[in-house]
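Novice:
Rendered as structure tokens:
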């Protein structure tokens, strides 16, 4: 018998499945620098890594160290994307905070409601990013391209959110994983 | 019991919010205290690329292979037309080689007459690009190969047709290249036909601008822009792009000879550094000493 299939060996909150969004986040950070031969792609800043952050923030499983993990990934993205140190760390934490504030509302919301919330949170975050760039001499961001990036990221939201949500539903529909007696 | 559970949950939520708020503050402090070109930050980036290079390379390989396969399949249809174009180009190049041989011979004669010292030799070595960090606020490439391949900070980097950027830092097994299109890129150049010197500055878009152009300079549309060699690290005469004059009052732009997007291989230009002239104070001291 596969020990991973034994319910008595699983942790109450779904074993190590809660780590999946973090792996997805790391994967997007590493794939951000993929050489792409289309000029328009380089002009936009697709923030797909914000989807797993949103997911972590509104997830029913609570880990107090999650914000620390988010800022650590933000710093990693700053280093690997050549952005000023603290730029993505700030935006990741800011976005996490925004999403976490909606946690109570989104517990019972439909996917369309969650999607709408994500769009609003991402627009605010990208606008904050644009304002930071205005204050710095070494950054030049085209407002409309940044706005377009936010909308494109929001369009991709269900493609990532639904598989992650399905995975979590599987985890939390199991009474043993939920921690019920 | 249920009440106790709820209060624990509440406490945890508050603490997570508190931690997140502190993280936002830390991010803001880092952002406004550390400049992007801080040597410690540069070193940190380089070390991070050295550490994460295998992971970035491994994750990117399947995507690059998929992209290459797609490109090859799309090119299959135009093979015949491409072959005809290459044959015509080859013929034209043979004529150019004859003219260049003649010019080279004349140049040797003139150099001998003027007793000019020989120009530093140029060595080209290819490196593979593993990451293209082009985004709205930064235009850099990361190569597989750093000091272990002889890549040093400041060296020029060329694509298939001309200069694309320069090495801004080199680690043990990776190097970072600042593209000409980056906001922080400034390269001394000269417009070949009009003989006007200027600085080519990146603007985070496809066409960098010419800055510090003399007021009375008469620039020509389509003029070839080459490196002027000022500063000593980037060799003289490396082609960059063609001049594109915009509307009145707008700075002239340069259409790069190479498409800097999606480059897989680039070549690093290694030239023998120009010897620095002796320090004036030192020479005067030595002159006094000689007296």
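Chains as they are written, first to last, in this note's numbering: chain P, 356 to 536; chain Y, 6 to 296. Virtual Cβ for every residue (Gly too), placed ideally from N, Cα, C.
What runs of the alpha helix (DSSP H), each 4 residues or longer, lie entirely inside the region 26-97 of chain Y?
Specialist: If we require 4 residues or more, the alpha helix (DSSP H) runs fully inside the region 26-97 of chain Y come out as 44-81.
Novice: Please list, in chain order, all residues of the same chain as residue 496(P) whose beta carbon is under 6 Å from its beta carbon, the five residues on each side excluded.
Specialist: Indexing the first chain from 1 puts residue 496(P) at position 141. Excluding residues within five positions, the ones whose Cβ falls inside 6 Å are 485, 488.
Novice: Which of helix, strand or coil does DSSP assign to residue 137(Y)?
Specialist: In the second chain, the residue the question calls residue 137(Y) occupies position 132. Strand.
Novice: Does residue 468(P) have its Cβ less than 8 Å from a Cβ in chain Y?
Specialist: If you number the first chain from 1, residue 468(P) lands on position 113. Judged by the 8 Å Cβ criterion, residue 468(P) is not in contact with chain Y.
Novice: May I ask you to report which of helix, strand or coil DSSP gives residue 322(P)?
Specialist: The displayed coordinates of chain P run from 356 to 536. Any statement about residue 322(P) would go beyond what the structure contains.
Novice: Whose Cβ in chain Y lies nearer than 7 Å to the Cβ of residue 422(P)?
Specialist: Working through the first chain from its first residue, we reach residue 422(P) at position 67. 21, 24, 25, 28, listed in chain order.
Novice: Less than 8 Å between CB atoms is the rule here; does residue 523(P) satisfy it with respect to chain Y?
Specialist: The residue given as residue 523(P) occupies position 168 in the first chain. No, because no Cβ of chain Y sits closer than 8 Å to the Cβ of residue 523(P).
Novice: Please tell me whether residue 161(Y) has its Cβ less than 8 Å away from any Cβ of chain P.
Specialist: Here residue 161(Y) refers to the residue found at position 156 of the second chain. Chain P contact via Cβ: absent.
Novice: Helix, strand or coil for residue 462(P) per DSSP?
Specialist: Position 107 of the first chain, counting from 1, holds the residue named residue 462(P). In this structure, residue 462(P) counts as coil in the three-state DSSP scheme.
Novice: By Cβ distance, which residues of its chain are closer than 6 Å to residue 137(Y), with the 5 residues on each side in sequence left out?
Specialist: Numbered from its first residue, the second chain carries residue 137(Y) at position 132. Hits under 6 Å: 146.
Novice: Return no unless some Cβ of chain P is closer than 8 Å to the Cβ of residue 50(Y).
Specialist: On the second chain, position 45 is the one that residue 50(Y) refers to. It does; some Cβ of chain P falls within 8 Å.
Novice: Return the chain-ordered list of same chain residues with a C-beta closer than 8 Å to the C-beta of residue 179(Y), the five sequence neighbours on each side being excluded.
Specialist: Against the second chain, residue 179(Y) aligns to sequence position 174. So the list reads 51, 54, 55, 58, 135, 147, 148, 149, 150, 151, once near-sequence residues are dropped.
Novice: Mind pulling the chain Y residues with CB within less than 7 Å of residue 442(P)?
Specialist: Residue mapping note: residue 442(P) aligns to position 87 of the first chain, counting from 1. Here the neighbours are 36.
Novice: Are at least three pairs of beta-carbons, each pair with one atom in the region 229-248 of chain Y and one in the region 183-193 of chain Y, less than 8 Å apart?
Specialist: Yes: at least three Cβ pairs fall under 8 Å.
Novice: Less than 8 Å between CB atoms is the rule here; does residue 209(Y) satisfy it with respect to chain P?
Specialist: The count along the second chain starts at 1 and reaches residue 209(Y) at position 204. For residue 209(Y), the answer is yes, since a Cβ of chain P falls inside 8 Å of its Cβ.
Novice: Do residue 522(P) and the ligand FAD come close, with the Cβ less than 7 Å from some heavy atom?
Specialist: Among the components of this structure there are no ligands whatsoever, and the ligand FAD is therefore not found.
Novice: In the structure shown, what three-state DSSP assignment does residue 469(P) receive?
Specialist: Start at 1 with the first residue of the first chain, and residue 469(P) comes out as number 114. Three-state result, residue 469(P): helix.
Novice: Let me know the secondary structure DSSP gives residue 434(P) once reduced to three states.
Specialist: Position 79 of the first chain, counted from the start, is the residue given in the question as residue 434(P). DSSP places residue 434(P) in helix when its eight states are reduced to three.
Novice: What residues in its chain sit with their C-beta under 6 Å from that of residue 409(P), if we drop five residues either side in the sequence?
Specialist: Working through the first chain from its first residue, we reach residue 409(P) at position 54. Cβ neighbours of residue 409(P) beyond the five flanking positions: 454, 473.
Novice: Quick one: grab the DSSP three-state call for residue 203(Y).
Specialist: Locating residue 203(Y) in the second chain gives position 198, where the first residue counts as 1. Correct three-state label for residue 203(Y): strand.
Novice: Tell me which same chain residues have a C-beta within less than 8 Å of the C-beta of residue 230(Y), skipping the five on either side of it?
Specialist: Translated into the one-based positions of the second chain, residue 230(Y) becomes position 225. Cβ within range, chain order: 194, 195, 196, 197, 205, 215, 244, 245, 246, 247, 248, 259.
Novice: Consider the Cβ of residue 495(P): report whether some Cβ of chain Y lies at a distance smaller than 8 Å.
Specialist: The residue given as residue 495(P) occupies position 140 in the first chain. Output row for residue 495(P): interface = yes.
Novice: Chain Y partners of residue 507(P), CB-CB under 7 Å?
Specialist: Taking the first residue of the first chain as 1, we reach residue 507(P) at position 152. Per Cβ cutoff of 7 Å: no residues; residue 507(P) is ~13 Å from chain Y at best.
Novice: My parser needs the beta strand (DSSP E) runs of 3 or more residues fully inside the region 208-251 of chain Y; what are they?
Specialist: Entirely contained in the region 208-251 of chain Y, the beta strand (DSSP E) runs reaching 3 residues are, in chain order, 214-216, 229-232, 244-249.
Novice: Identify, in the order they occur along the chain, each residue of the same chain with its Cβ nearer than 7 Å to the Cβ of residue 478(P), setting aside the five sequence neighbours on each side.
Specialist: The count along the first chain starts at 1 and reaches residue 478(P) at position 123. So the list reads 505, once near-sequence residues are dropped.
Novice: I'd like the span of the beta strand (DSSP E) that includes residue 268(Y), first residue to last.
Specialist: Within the second chain, numbered from 1, the residue matching residue 268(Y) stands at position 263. Neither: residue 268(Y) is in no beta strand (DSSP E) and is coded neither H nor E.
Novice: Using alpha carbons as the reference points, say which of 183(Y), 228(Y), 217(Y) lies closest to residue 200(Y).
Specialist: Taking the first residue of the second chain as 1, we reach residue 200(Y) at position 195. Residue 228(Y) is the option with its Cα nearest to residue 200(Y).
Novice: Closest to residue 207(Y) by C-alpha separation, out of 128(Y), 171(Y), 73(Y), 115(Y), would be which residue?
Specialist: Stepping through the second chain from its first residue, residue 207(Y) is reached at position 202. Ranking the options by Cα distance to residue 207(Y), first place goes to 171(Y).
Novice: Return the CA-CA distance between residue 424(P) and residue 46(Y), expressed in angstroms with no decimal places.
Specialist: Here residue 424(P) is taken as the residue at index 69 of the first chain, counted from 1. Here residue 46(Y) is taken as the residue at index 41 of the second chain, counted from 1. Answer to the nearest angstrom: the Cα atoms are 21 Å apart.
Novice: Quick check on residue 491(P): does DSSP put it in helix, strand or coil?
Specialist: Start at 1 with the first residue of the first chain, and residue 491(P) comes out as number 136. Three-state result, residue 491(P): coil.
Novice: Just confirm the distance between the C-beta atoms of residue 446(P) and residue 480(P), as a whole number of angstroms; I'd bet it's less than 8 Å.
Specialist: If you number the first chain from 1, residue 446(P) lands on position 91. If you number the first chain from 1, residue 480(P) lands on position 125. The Cβ separation is near 6 Å, so the contact holds.
Novice: Straight-line CA distance for residue 263(Y) to residue 91(Y)?
Specialist: Here residue 263(Y) is taken as the residue at index 258 of the second chain, counted from 1. Here residue 91(Y) is taken as the residue at index 86 of the second chain, counted from 1. Answer to the nearest angstrom: the Cα atoms are 18 Å apart.
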